[in-house]
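Numbering (the numbering used here), first residue to last: 11 to 89.
Ideal Cβ positions, reconstructed from N, Cα and C, are used throughout, including at glycine.
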């Protein structure tokens, strides 16, 4: 598999909609050709300690960031 996109989501709590960061790497012919990392204000906007322990993000890291629908609107055009 030489061409693919790897996508990683981190969440702030147990809700599937609580995406707080997104990473994407594009590989073409076995070579990384593009990558993106974005912080996202989760919905609902609270962090469980177990999640913060995993990714190291907190409420204050994403407080002024856009929510996922806005971020996805930008990303889907780019990728």
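| query | result |
| --- | --- |
| Among 23, 13, 17, nearest to residue 68 - alpha-carbon criterion | 23 |
| Unbroken alpha helix (DSSP H) run spanning residue 59, endpoints | 59 to 65 |
| Extent of the continuous beta strand (DSSP E) run through residue 33 | 29 to 38 |
| Spatial neighbours of residue 61 in its chain, beta-carbon cut-off 7 Å, leaving aside the 5 residues before and after | 21, 22, 23 |
| Where residue 50 falls: helix, strand or coil (DSSP) | coil |
| Simplified DSSP state of residue 56, which is helix, strand or coil | coil |
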